[in-house]
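Residue numbers (my numbering): 38 to 235.
Glycine is no exception: its CB is placed at the ideal position from the N, C-alpha and C atoms.
Inspection log for the structure reproduced underneath, given as structure tokens.
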Amino acid sequence: MIIITSIERKKNDSDFQLSTQIRFLAFILVEILKSIDMKKLKEIDVYVSARCRIQEEKGGYGYVIKSEGYNSMNKKTCSHTTSNRMEMKAVIDSMHEISNEITDADIINIHTKQGPLITSMINGDCKMFHKRPNQDLIRVAIKIKSSFGIYIFNISVNQYEEMILANNLSQLALDADVDCIDERDDDLPKSIDLLAGL
């Protein structure tokens with residue numbers, strides 16, 4: 038009986054050693070995970086809204102930033118702009134503020150009425166902008182977004198109190214005096230001198 042048992046053990050020696058090694062590695066992995074201080078990611082919520090008076094080429098935006106330990110709101114009025122550009126500028130300016138004021142931010146949740154527009158901007162996709170590619174804003178957005186994880190939520194105006202506030206701020210901005218001119222030199226079509234070189 039003893040001889041038979043030892044023979045069976047020798048047959049299964051490689052399997053026995055493998056399962057022991059797996060158990061040992063699993064134990065080490067568990068210990069390593071225990072020793073790592075799993076940092077909770079800091080999430081920031083941003084609510085943006087923008088509008089434009091086409092006949093005046095005047096636009097305004099408002100945004101609200103909400104996080105643990107930091108809350109902010111802002112608005113801006115620009116001339117020579119569009120509604121899309123105002124929405125994009127609201128997101129860019131809010132991300133600028135977050136990068137300057139909240140140094141430990143990991144994730145930005147952007148709440149907007151223009152989800153597809155902002156997604157295209159963040160991903161650097163110009164295809165949806167048929168008339169004007171807005172490449173100047175896309176370049177800025179891509180540069181800033183490399184510091185954060187970005188999630189975009191397409192929501193209605195009345196879905197959150199913060200969104201209602203951002204929408205009211207954009208209306209106040211539109212009714213206010215102009216803060217700035219939307220510099221679009223990089224974005225405007227370049228004129229071509231057909232007589233050059235003749």
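Item	Value
Aspartate 212 in three-state terms, based on DSSP	helix
Residues bridged to serine 116 [DSSP beta-bridge criterion]	Lys95, Ile218
Whole-number beta carbon distance between glycine 152 and asparagine 191, since they are thought to touch under 8 angstroms	3 angstroms
Residue span of the beta strand (DSSP E) that contains threonine 149, given as start and end	144-149
Proximity of valine 177 and isoleucine 155 at Cβ, strictly below 7 angstroms	no
At least 3 beta-carbon pairs within less than 8 angstroms: the stretch 59-69 vs the stretch 103-111	no
For glutamine 92 and glutamate 198, the rounded distance between their alpha carbons	30 angstroms
Under the three-state DSSP convention, the category threonine 104 falls into	Rather than threonine, the amino acid found at residue 104 in this sequence is serine. Strand.
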